[in-house]
Amino acid sequence: MARIIESSEGGRRIIKMSVDDILSIVQDYQRIVPRASGIETARDYLSDTVIYVPEEL
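Just remember that the numbering used here sits 1405 ahead of the position in the sequence shown, which is counted from 1.
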């Protein structure tokens, strides 16, 4: 499960992900974006998609 780490300076937060989180995102990417797609095509597919990573509480 992902864990959000607050920044001590109040800037951007850090998301610490487990191996399973990363593999889940890669699987979603492979399911959403067709093979041999260029970067612009991949951006188009991903811009219309939401990928969720569960947060550890």
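All C-beta atoms in this analysis are idealised placements derived from N, C-alpha and C, irrespective of residue type, glycine included.
- Between Tyr1457 and the set Asp1425, Pro1439 and Ile1444, the nearest pair of CA atoms involves Asp1425.
- Across the structure, Ser1442 and Asp1453 are spaced so that their CA atoms are roughly 16 Å apart.
- In the DSSP assignment, Arg1408 is bridged to Lys1421.
- For Thr1446, the uninterrupted alpha helix (DSSP H) segment begins and ends at Ile1444 to Ser1452.
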